[in-house]
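So the sequence lines, in the order shown, correspond to chains A and B. Under the working numbering, the first residue of the first sequence is numbered 1, with each subsequent residue one higher. Under the working numbering, the first residue of the second sequence is numbered 1001, with each subsequent residue one higher. Before any comments, here is the structure.
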Amino acid sequence: MANIQYSGVRESKPGRINDLGTTGKEVEENFRKGCLKKADRSFAQGLQCQQINSMAALMSLEDSVFISHSPQGCVGCSIMAVDMYRVGQAHRGIKNIKNPRVIVTNIDQKSVVFGGEQKLRDSVKKAVERYNPKLAFIYASCASGIIGDDIDAIAGDLQQEYPDTLMVPIHCEGFKSKICASGFDAAFLAINKYILKKEPVPKEEGLVNLFAPTTVSYADQKEMERMLSQIGARVNYIPFYSSLEKIRKIPAAQASTSICKVFADEFMKTLWEDYEIPYSHTVMPIGIRNTDKWYRGIAKVLGKEKKVEEIIAKEHERIEPLVAELKKRLQGKRVFICGGTGRSFAAAALIDDFGMELVGLETPTYDEDAQTDIEYLNGIHKNFVVDIANMQPFEQVNLLSKLKPDAFIGVPEWASKLSIPTTHVLDGKRPTMGYDGLLFLGNKIADQLQNPGFNVKLAQHVKLPYKDSWYQEDAFKYIKGDN
Amino acid sequence: MSQIMENPRGGCVLAGINSVLGAINRICPILHSGPGCCMQTTAAEQGQSGHKSSCFISGVSLPSSNMLEKEVVFGGTEKLRTTIQGAVDIIDADAYFVLTGCTAGIIGDDIVSVTQEFQNKGHAVYPIETPGFAGDSNLGYEIVWNTMIDQIIEENVPKDEKLVNIFGIVPYHDPFWSGTLEEIDRILSRLGLKVNTFFTKNQGIEDIKKCSGAALNIIVNPWLFKGPAKKFEEKFGVPSIRIPGIFIGATDTTKFVRVVAEALNLDNELVDIVIQSEEQYVYNYLAQAIGVVSWKRFAVVADASNAVGITRYLANDFSFTPVLVIISEPIFRPGDKERIIEQINDMEYAVPPKVVFAADQYEINQALLNEEKEITLLIGSSNDREVALEKDIQFILASFPMSERLIFNRTYAGYRGSLTFTEDLYDNL
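Structural data, given as structure tokens:
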């Protein structure tokens, strides 16, 4: 059993840092020597707050109402999850597509002075009267946290009043973390505390929890489920398009795994500690190497090592000639990658399948997990820049203008204005994962490299908002230590 | 005072301020706020407005002090200072506006003093002290213009009798804002006027500084911009006229042209020629597709301005039957509500529809589902498609928030926009 309850704030883990400009070789060495120091940027651009992730993670749950104890602006980003939910329903063949029920308490000046408790109570009352939901998630915000509204106590009280709706308060105050993945942890901590409650449930042979964030497409879900069924597993897909019943089944599983490295990784540890459910925490299954690794990881937990090797051999036989064709088109091309923790490292592994060379990598945090990936990447690529940054497009464009890569993988918005061919691997609506997903991505990269007309012409007409002098400066000049 | 809201349409006042500034060329907002506010506020408005966002800077490109626990406890002004310094060092903007998030607002950081330090050094950095929790994005539009009136727009600018300022169309909060402003600009230019739209034609801070030289402010909205209009007249002597809703189609657009012409005393002959040719243009097309679009009994869910425009066009010019109009933005002043109802009740031939004021999605859904009269066409936002699917009726996505279509310069407003709207009405079912 764990002695110290994990707070849900990712910065609380020793050795994890968020602000650093370095190289692959240097960061590997410094991490090993314990020389990486916490830093900060004296100038920065906007981050993604953890509340966004806490909301997005759960927004497709059935019979649920999502109550944001915040001003109206804090549900702005929920539109992305709302869109995923609507499109996800369409992909699943649902005709009468529904909206998720999001209620904002709308903290205002009066609440800032007198507290927002009454608004939260009234919001929950509305939620229950309107939908009689099985679950009411109550999200904290910067504002509710600073004015000191005790959402746990209020939720406890409301639980007595409305026994048929499970109240789940989530501590995702934005100011608590720079790492938006903390929001996933906050959501799972709350699920464990208020829904699972360490209560024992009968085990189900072959049941595997597959944790997936909203950004995983239905095509990818089906592929992961197919792969797991081939090694005899039945999938409990959590929490996307899931339900209270499926959440309650989590402790019944024989094993757990996740599609994303920073999604439910902490929760899977908790499930091991509280329910002795073994888990596989490997990589995101993008590209051959990562798909193999992910597949072997969960197969090992299930004792299906032999079976999985047979399948992998067969898949390789099928896929390798097709990848070889792509390799002819992509070999030696220089790539810059920017993405979330899971996708950035996955993309870095993917380009190796195609014989491409990594020249720069932007990823939000550096920790033990990142070290494992960097060790692997240093074994393949001679020299690449590492920018530990949650986006920070100003640093990205500075690096891109100096490194001049042939291709950029990540959010295309800025690199495209520098006329670099761009491919996004975060695609919540199309396939990116497993053995077929990599063909989709490979073709996309190769075709965009071959035909970069849009970006080339765009760059001739549209300028990024930075001064010319910025491109001459050190990209990392605003990263300062001692914080 | 803010209401509890299900599936709210748009963001907080910070979101409104951010997106309105984002529509002005080469202006850089700097957020003194929590770490998520750049993304949240951009997503709340620009992110729900037909998938286009500021051409200059938006979202995670916005400079931000990203206030964390340390700043919450010890204050964030030092972080703000280095953030502004970085912004003026590397971002090539004509003006910078420092915006206040809830965190900075609650702990009471003095952003005005920090901003003043930069002004003293000659930088065009301006403070906006209204924190996120102070209201919604409509208020944000007014706050931006109050800031411009108080801090930016110059006094004693020489008068230009042909110059007009357009207000009341909120960038991004109205997904058709670009196209609508371009159509208004096109029509008024034909009358010999020079038009400040502020958000198209790459207009920027210099156009704003000199806009006090205008002969007239034209407010195209039934209720917004009351405060700023009064201030504008008091400080710069520019009078305002209010067009109580977006004009769609020949009838209302001609009415708009005549009101402007009268206010500015324009040459009647020219006005008649323009009206005649514009109307002819519209009817030449309408005459080519008679009976093609099947008759509908319709409901509209939209902000007041668009609801008025859509309802009046469909009923007065297209002979559809209006059944229910839901004004889906919070409106508090009784006088404003009356003005809106008056516009919708003023039908040429049709029986006026029922008018409901509801911004909460559940209340909107209930009003649609409980309507006793038959509805066969619903015009609304992405949030309203659910009810249309449930009722199995035609649905047109034409109001904010708008997620399932890409909008550049499309508009339903004016003479030409009404043809686009009519094209979209066609369903072949």
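We put the beta carbon where it would ideally sit given N, CA and C, even for glycine.
Closer than 7 Å by beta-carbon distance: list the chain A residues that pair up with residue i, in chain order.
i	result
B/ASP1092	PRO465, TYR466 and LYS467
B/ALA1023	Here the premise fails: no neighbours, minimum Cβ distance about 14 Å.
B/ALA1434	This structure gives no information on residue 1434 of chain B, because the portion of chain B shown stretches from 1001 to 1429.
Can you name the residues of chain B whose CB is closer than 8 Å to the CB of residue i?
i	result
A/ILE97	ARG1385, GLU1386 and LEU1389
A/SER123	ILE1004
A/VAL359	Residues of chain B passing the Cβ test: none, with the nearest at roughly 22 Å.
A/LEU175	Rather than Leu, the amino acid found at residue 175 of chain A in this sequence is Phe. Ordered by position in chain B, the residues that pass the 8 Å Cβ test against A/PHE175 are GLY1034, PRO1035, MET1067, LEU1068, GLU1069, GLU1071, VAL1072 and THR1103.
A/PRO393	VAL1060 and SER1061
A/LYS178	PRO1035, ASN1066 and LEU1068
A/LYS119	ILE1004
A/ARG130	GLU1006 and TYR1362
A/CYS260	Residues of chain B passing the Cβ test: none, with the nearest at roughly 19 Å.
Name, please, each residue of chain B whose Cβ falls closer than 7 Å to the Cβ of residue i.
i	result
A/SER484	Residue 484 of chain A falls outside the range modelled here, since chain A spans only 1 to 483, and no answer is possible.
A/ASN106	SER1002, GLN1003, ILE1004 and MET1005
A/SER42	THR1082 and GLY1086
A/GLY148	Under the 7 Å cutoff, chain B gives no residues; its nearest Cβ is about 10 Å from A/GLY148.
A/TYR478	GLY1086
A/GLN72	SER1002, MET1005, PRO1008, GLY1011, CYS1012 and ASP1136
A/VAL112	ILE1106 and PHE1133
A/LYS126	ILE1004
A/GLN109	PHE1133 and ALA1134
Examine chain A for any beta-carbon lying closer than 8 Å to the beta-carbon of residue i, and answer yes or no.
i	result
B/SER1019	no
B/PRO1063	yes
B/GLY994	Any property of residue 994 of chain B remains undetermined from this structure, which presents chain B solely from 1001 to 1429.
B/PHE1400	no
B/GLN1211	It is Cys, not Gln, that sits at residue 1211 of chain B in the sequence shown. Not one chain A Cβ lies under 8 Å of B/CYS1211.
B/PHE1332	no
B/ALA1015	yes
B/LEU1429	no
B/LEU1031	yes
Kindly say whether residue i, judged by its beta-carbon, lies nearer than 8 Å to any beta-carbon of chain B.
i	result
A/TYR6	no
A/ILE103	yes
A/ASP474	no
A/CYS338	no
A/ASN143	The sequence given here has Ala at residue 143 of chain A, not Asn. Answer yes: the Cβ-Cβ gap between A/ALA143 and chain B drops below 8 Å somewhere.
A/TRP470	yes
A/MET1	Model confidence at A/MET1 stands at a pLDDT of 41, short of 50, so the residue's coordinates are unreliable; what they give is reported in the following sentence. No, no contact with chain B.
A/PRO14	no
Taking Cβ-Cβ distances shorter than 9 Å, what residues in chain A pair up with residue i?
i	result
B/GLU1403	First, the amino acid is wrong: residue 1403 of chain B is Ser here, not Glu. Correct list: ILE79, VAL82, ASP83 and ARG86.
B/PHE1056	PRO465
Please list, in chain order, the chain A residues whose beta carbon lies closer than 8 Å to that of residue i.
i	result
B/THR1041	GLY73 and GLY76
Residues of chain B with CB closer than 9 Å to the CB of residue i, please, in chain order.
i	result
A/ALA39	In chain order: nothing, as chain B lies at least about 13 Å away.
Problem set entry | Unbroken stretches of the alpha helix (DSSP H), 4 residues or longer, contained in the stretch 274-333 of chain A | Qualifying alpha helix (DSSP H) stretches, in chain order: 288-301 and 305-330.
Exercise. In the stretch 1066-1084 of chain B, which residues sit with their C-beta less than 7 Å from some C-beta in chain A, listed in chain order?
Worked result: Here the close residues are ASN1066, MET1067, LEU1068, GLU1069, VAL1072, THR1082 and THR1083.
Problem set entry | the stretch 1102-1128 of chain B: positions lying closer than 9 Å to chain A by Cβ | Flagged, chain order: CYS1102, THR1103, GLY1105, ILE1106 and ILE1107.
Exercise. In chain order, which continuous runs of the alpha helix (DSSP H) of length 4 or greater are located wholly inside the stretch 1302-1359 of chain B?
Worked result: Runs of the alpha helix (DSSP H) inside the stretch 1302-1359 of chain B: 1304-1312 and 1334-1345.
Exercise. Is the stretch 406-426 of chain A touching the stretch 256-268 of chain A, taking contact as three or more C-beta pairs under 8 Å?
Worked result: Contact between the stretch 406-426 of chain A and the stretch 256-268 of chain A is absent, because fewer than three Cβ pairs lie under 8 Å.
Problem set entry | Cβ pair count under 8 Å reaching 3, the stretch 1113-1133 of chain B against the stretch 1071-1089 of chain B | Yes: at least three Cβ pairs fall under 8 Å.
Exercise. Quick one, which residues of the stretch 45-59 of chain A are near chain B if we go by CB-CB under 7 Å, in chain order?
Worked result: The residues in question are GLN45, GLY46, LEU47, GLN48, CYS49, GLN51 and ILE52.
Exercise. Are three or more beta carbon pairs between the stretch 164-182 of chain A and the stretch 140-149 of chain A nearer than 8 Å?
Worked result: Yes: the two stretches touch, three or more of their Cβ pairs being nearer than 8 Å.
Exercise. Going along the chain, which unbroken runs of the alpha helix (DSSP H) with 4 or more residues stay wholly within the stretch 92-125 of chain A?
Worked result: The stretch 92-125 of chain A contains these whole alpha helix (DSSP H) runs: 109-114.
For this session: Could you run through the stretch 1358-1370 of chain B and flag, in chain order, every residue whose CB is less than 8 Å away from some CB of chain A?
Result: Answer set for the stretch 1358-1370 of chain B: GLN1361 and TYR1362.
For this session: Within the stretch 181-231 of chain A, note down every full beta strand (DSSP E) run reaching 3 residues or more, in order along the chain.
Result: Runs of beta strand (DSSP E) with 3 or more residues, each lying fully within the stretch 181-231 of chain A, are found at 207-212, listed in chain order.
Problem set entry | the stretch 37-51 of chain A in contact with the stretch 220-234 of chain A per 3-pair CB rule at 8 Å | Contact between the stretch 37-51 of chain A and the stretch 220-234 of chain A is absent: fewer than three C-beta pairs spanning the two stretches fall below 8 Å.
Exercise. When Cβ atoms are compared, which residues of the stretch 379-413 of chain A fall closer than 7 Å to chain B?
Worked result: With the criterion set as a beta carbon lying under 7 Å from some beta carbon of chain B, the members of the stretch 379-413 of chain A are MET391, PRO393 and PHE394, in sequence order.
Exercise. Do the stretch 1174-1194 of chain B and the stretch 1133-1153 of chain B make contact, defined as three or more Cβ pairs closer than 8 Å?
Worked result: Counting C-beta pairs closer than 8 Å gives fewer than three between the stretch 1174-1194 of chain B and the stretch 1133-1153 of chain B, which falls short of the contact rule.
For this session: Please list the segments of the beta strand (DSSP E) lying wholly inside the stretch 15-49 of chain A, counting only runs of 3 or more residues, in order along the chain.
Result: Segments of the beta strand (DSSP E) lying fully in the stretch 15-49 of chain A: 20-23.
Exercise. Do the stretch 104-121 of chain A and the stretch 61-73 of chain A make contact, defined as three or more Cβ pairs closer than 8 Å?
Worked result: Yes: at least three Cβ pairs fall under 8 Å.
Exercise. If we count Cβ pairs, one from each stretch, closer than 8 Å, do we get three or more for the stretch 1019-1030 of chain B versus the stretch 1138-1150 of chain B?
Worked result: Contact holds: three or more Cβ-Cβ distances are below 8 Å.
Problem set entry | the stretch 1356-1371 of chain B touching the stretch 1275-1289 of chain B, judged by at least three CB pairs closer than 8 Å | Pairwise C-beta distances place the stretch 1356-1371 of chain B out of contact with the stretch 1275-1289 of chain B, as fewer than three of them are shorter than 8 Å.
Exercise. Which ranges would you report for the alpha helix (DSSP H) in the stretch 383-458 of chain A if only whole runs of at least 4 residues count?
Worked result: List check, alpha helix (DSSP H) in window: 393-403 and 434-450.
For this session: Go through the stretch 1251-1299 of chain B residue by residue and report every complete run of the alpha helix (DSSP H) that reaches 4 residues or more, in order.
Result: The stretch 1251-1299 of chain B contains, as complete alpha helix (DSSP H) runs of 4+ residues, the segments 1268-1286 (chain order).
Exercise. Between the stretch 1209-1239 of chain B and chain A, which residues of the former have CB atoms less than 8 Å from a CB of the latter, in chain order?
Worked result: Flagged: no residues at all.
Exercise. Would the stretch 1371-1383 of chain B and the stretch 1300-1316 of chain B be scored as touching if the rule is three or more Cβ pairs under 8 Å?
Worked result: By the Cβ criterion, the stretch 1371-1383 of chain B is in contact with the stretch 1300-1316 of chain B, since at least three pairs of Cβ atoms, one from each stretch, lie closer than 8 Å.
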